[in-house]
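Numbering (this note's numbering), first residue to last: 10 to 483.
Every residue, glycine too, gets a C-beta built ideally from N, C-alpha and C.
Being a predicted model, the structure only gives us computed values, none of them experimental.
Since the structure comes first, as structure tokens, the remarks are kept for the end.
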């Protein structure tokens with residue numbers, strides 16, 4: 010009967026790690042001061058626990074207490090998709106105000122951050138591979154934007170898909186880079202925001218909004234409201250309905266990916282490479298399908314084919330939040346200390362450069378493209394570009410505890426704008442990986458040139474938009 014527990018054993022352990030993290034967060038001031046998200050604390054507890062057991066020799070009876078890193082990785086892969094699909098199924102027009110100019114600016118900024126991290130990360134890894142680390146996987150540095158700007162789920166998913174193409178332990182290295190990104194968000198984010206608040210006049214960061222005082226109040230989240238309750242006559246719980254909707258989207262996602270794989274097969278090596286990447290970007294495909302499903306449901310309701318608004322914002326938000334919490338715990342707990350030790354030089358060089366570049370870019374860019382709430386946009390985007398949206402919002406609460414700014418709204422809607430802009434990046438990544446697969450270094454150069462050109466175009470668009478806005482306001 011013990012085998013019956015194997016599929017859920019790791020999930021139980023993750024729950025225990027989260028419980029311990031909740032207790033520590035409430036009892037230890039250090040975690041409150043540095044805004045360490047509970048899920049990250051739980052992840053590091055899991056990492057310490059797994060590392061201790063990993064290096065414990067003998068003791069065959071300890072096997073039942075050990076976590077399965079492969080299963081943890083699969084949890085990360087699927088929980089990430091579930092979280093994004095849940096968010097995409099929500100109706101946003103009822104809860105968010107629209108400020109199109111800042112939404113678009115934020116979306117362009119998010120995409121440009123992917124690119125600048127990709128440019129520097131890839132260039133550094135190429136330099137290392139052709140000098141002091143000849144055995145390094147040349148596209149190694151492309152995990153920087155995936156781990157920093159997109160998070161552990163994406164870094165693991167893409168890194169794992171690259172393993173089939175020759176990148177040894179790619180998924181675990183992606184998790185290591187993403188975890189270091191969290192450390193940058195937390196331990197450099199707090200000093201950064203306090204520095205910006207104290208010296209805002211000298212740095213030219215005073216916007217059109219009213220002044221505020223430096224604060225460490227955590228602030229409160231505005232909870233999503235139920236959009237519409239499922240009638241009792243249907244004899245099914247609202248949570249079950251949301252799970253059904255997510256399941257439908259996910260199964261469509263699977264068959265779409267299968268179809269794309271078959272369609273790309275005549276393209277040979279490049280088709281196989283792009284196919285592997287798309288399986289790693291399954292959450293993007295799932296998100297787009299979920300948005301389409303939501304549009305169809307809304308249209309059917311307007312035509313009176315449906316009389317019930319089945320997707321419920323409140324429940325979908327809870328599913329998404331829980332998925333991301335467990336995903337973060339599993340992602341950090343799955344990190345292999347052995348893999349990190351084998352690649353620590355490249356990991357630390359790439360992430361240190363990435364952290365410095367991201368910090369400077371967030372400050373310099375936001376000063377140029379936002380006319381109001383400049384500091385709020387800097388810290389929220391910095392937290393997002395080194396961690397996830399949740400860390401960006403956590404930092405934002407430090408300077409905007411009463412949610413007076415539009416930075417949080419821009420972060421969410423800007424991410425929606427960035428999604429279609431980021432789709433071409435999947436194919437550009439495929440070009441670099443195919444360069445390794447067919448041993449053609451010129452494809453690395455082409456990838457860098459495309460990245461730089463794409464980044465330059467986005468930067469020019471943002472600058473032109475800012476100048477037009479200034480002229481219209483004059």
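Practice task
Please report how far the alpha carbon of residue 357 lies from the alpha carbon of residue 406, in whole angstroms.
Solution key: 29 Å
Handout entry: Beta-carbon gap between residue 367 and residue 391 smaller than 8 Å
Key = yes
Exercise for the section: Please state whether DSSP places residue 436 in a helix, a strand or coil. Expected result: helix
Problem - Range of the contiguous alpha helix (DSSP H) that encloses residue 194 - result: It is not in any alpha helix (DSSP H) - residue 194 carries neither H nor E in the DSSP assignment.
Handout entry: Collapsed DSSP secondary structure at residue 177 in the structure displayed
Key = coil
Exercise for the section: Quick one: grab the DSSP three-state call for residue 254. Expected result: helix
Problem - Beta-carbon gap between residue 186 and residue 156 smaller than 8 Å - result: yes
Problem - Range of the contiguous alpha helix (DSSP H) that encloses residue 281 - result: 278-289
Problem - Anticipated Cβ contact below 8 Å, residue 266 with residue 294, distance rounded - result: 6 Å
Practice task
Hey, could you find the ends of the alpha helix (DSSP H) residue 323 is sitting in?
Solution key: 322-342
Exercise for the section: Taking only the alpha-carbon atoms, compute the straight-line gap between residue 144 and residue 475 and give it to the nearest angstrom. Expected result: 45 Å
Practice task
Count the other CB atoms, across all protein chains shown, that sit within 10 Å of the CB of residue 360; report buried if there are 16 or more and exposed otherwise.
Solution key: buried
Problem - Exposure label - residue 208; buried when at least 16 CB within 10 Å - result: exposed
Exercise for the section: To the nearest angstrom, report how far apart residue 75 and residue 49 are at their CA atoms. Expected result: 20 Å
Exercise for the section: State the Cα-Cα distance for the pair residue 201 and residue 300, rounded to the nearest angstrom. Expected result: 36 Å
Exercise for the section: Just tell me which of 480, 14, 375 and 122 has its CA closest to the CA of residue 434. Expected result: 122
Handout entry: Candidates 364, 247, 170 and 355: closest to residue 317 by CA position
Key = 247
Exercise for the section: Spell out a yes or no on whether the segment 322-333 and the segment 115-133 are touching, meaning 3 or more CB-CB pairs, one atom from each, closer than 8 Å. Expected result: no
Handout entry: Whole-angstrom distance between residue 428 and residue 111, CA atom to CA atom
Key = 16 Å
Practice task
Classify residue 139 as buried or exposed, calling it buried when 16 or more other Cβ atoms lie within 10 Å of its own Cβ.
Solution key: exposed
Exercise for the section: In angstroms with no decimal places, state the Cα-to-Cα distance between residue 183 and residue 164. Expected result: 5 Å
Problem - Outcome for residue 114 when other beta-carbon atoms lying within 10 angstroms are tallied against a minimum of 16 - result: buried
Handout entry: Cβ separation of residue 170 and residue 289, assumed to be a contact under 8 Å, to the nearest whole Å
Key = 4 Å
Practice task
For residue 278, collect the residues of the same chain with a Cβ closer than 8 Å to its Cβ; drop the 5 residues on either side in sequence, then sort them by chain order.
Solution key: 443, 446 and 447
Handout entry: residue 175 classed as buried or exposed, judged by whether at least 16 other C-beta atoms fall within 10 angstroms
Key = exposed
Handout entry: Rounded Cβ spacing between residue 467 and residue 117 (contact assumed at less than 8 Å)
Key = 5 Å
Problem - alpha helix (DSSP H) segment containing residue 410, residue limits - result: Segment: none, residue 410 is in no alpha helix (DSSP H) and carries neither H nor E.
Exercise for the section: Alpha carbon to alpha carbon, how far is residue 136 from residue 93? Give it in angstroms, no decimals. Expected result: 35 Å
Practice task
Evaluate residue 81 with the Cβ neighbour count: other Cβ atoms within 10 Å of its Cβ, from every protein chain shown; 16 or more gives buried, anything less gives exposed.
Solution key: buried
Handout entry: Exposure label - residue 419; buried when at least 16 CB within 10 Å
Key = buried
Exercise for the section: Round the Cβ separation of residue 472 and residue 377 to the nearest angstrom and send it over; I've been treating them as touching at under 8 Å. Expected result: 7 Å
Practice task
Compute the Euclidean distance between the alpha carbons of residue 287 and residue 141, then round it to the nearest angstrom.
Solution key: 32 Å
Exercise for the section: In angstroms with no decimal places, state the Cα-to-Cα distance between residue 26 and residue 13. Expected result: 22 Å
Handout entry: Length of the line joining the Cα atoms of residue 371 and residue 193
Key = 13 Å
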